[in-house]
Amino acid sequence: MVNYASQIAELGATAKHIAFCEFIDANLNGAAMPDYKSLDLMKIPHLVPNIWVLDAREGGGKELKFLFTGTVIDRHFGRNMMGGYLAKNYAGNYAKEVYAAYCSVFADKKPVYTERSDYYPDVEPEVERRIKVILLPCSSNGEIVDFAIGLTTFEKTDRNVLGELIIAELSVTTP
C-alpha cells in the first residue's frame with residue numbers, strides 16, 4: 046500500500062519525517078486528509094518540537110497564521126512564532142518557491158515535501174543548514190483545508206555543500 050510515509054521515505058526524508066507521516070497515516074480514518082483537531086500530538090511527544098501548524102481559517106487561505114510552533118521551529122526563528130503570519134516571517138534561499146509550495150497544500154489539497162539549503166551566519170558561522178519539511182493538509186469536513194500540519198528538521202552541512210531545491214507534491218492516499 047502506498048502511504049505518505051513510504052512516499053517521503055523514497056524522497057530521502059529523515060526518520061522523524063517518516064515517523065510523523067506514519068502517525069498521520071494511522072489517523073486518516075478512511076479520509077484523504079486528517080482532521081487536525083482530532084490529532085493527539087501527545088502520542089508522538091518526541092516529534093512535537095519539530096512540528097508546526099498553519100491556520101487558514103482567516104482570509105480564505107491567503108493569510109496563513111502559525112497556530113502552533115514547536116521549540117525547534119521557534120529556536121530557528123529566534124522567537125515564538127505562534128500567532129505570526131507565515132508570509133511575514135519567511136525568508137532565505139528559495140523563499141518564494143517554498144512559500145508557493147506551502148500555499149499549494151491548501152489550494153491543491155495535497156501534501157508537499159521540500160528540501161532546501163540556507164546559510165545562517167548569525168547563528169553558526171561557516172555552517173549551512175539543510176532544511177527538510179513535510180506539510181500535510183488537514184480538514185475538519187473532508188472538503189476545505191482549514192489547517193496544515195508540518196514537521197521540519199534542520200541538518201548541519203559543510204558550507205560548500207549547498208544542495209539543490211527539492212519540491213515534491215505527494216499523491217493523496219487513504220489507509
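Just add 45 to the spot in the sequence shown (first one is 1) and you have my numbering.
Quick reminder that beta carbons are idealized off the backbone N, C-alpha and C, glycines included.
Keep in mind that this is a model prediction, so the values were computed, not measured.
| query | Exposed or buried, Arg102, counting other C-beta atoms within 10 Å across all chains shown (16 or more means buried)? | reply | Its Cβ having fewer than 16 others within 10 Å, Arg102 is exposed.
| Which whole runs of the alpha helix (DSSP H) in the segment 122-203 are 4 residues long or more, in chain order? | Runs of the alpha helix (DSSP H) inside the segment 122-203: 140-153.
| Between Gly221 and Met87, what straight-line distance do the alpha-carbon atoms span, to the nearest angstrom? | Residue 221 falls outside the range modelled here, since the chain spans only 46 to 220, and no answer is possible.
| said: Spatial neighbours of Leu112 within its chain, please: C-beta separation below 6 Å, excluding the five flanking residues on both sides. | reply: If we look at Leu112 and ignore the five residues flanking it on each side, its Cβ neighbours are Val98 and Asp100.
| query | So who's on the other strand from Lys110, going by DSSP bridges? | reply | Asp100 and Tyr130, per the DSSP bridge assignment.
| DSSP state of Ala60, grouped into three classes? | Helix at Ala60.
| field | Sub-7 Å separation of Pro90 and Gly115 beta-carbons | value | Not a contact, by the Cβ cut-off of 7 Å.
| message | In this structure, how does DSSP classify Ile212 when only helix, strand and coil are distinguished? | response | Strand.
| At what residues does the alpha helix (DSSP H) containing Ala76 begin and finish? | Premise fails: Ala76 is in no alpha helix (DSSP H) and is neither H nor E.
| said: Quick check: the Cα distance between Val117 and Thr202, rounded to an integer number of angstroms? | reply: Val117 and Thr202 have their C-alpha atoms some 17 Å from each other.
| Buried/exposed call for Gly57, threshold 16 Cβ in 10 Å | By the neighbour-count rule (16 or more Cβ atoms within 10 Å), Gly57 is not buried but exposed.
| Terminal residues of the continuous alpha helix (DSSP H) containing Ser51? | If you look at Ser51, you'll find it in the alpha helix (DSSP H) that goes Tyr49 to Glu55.
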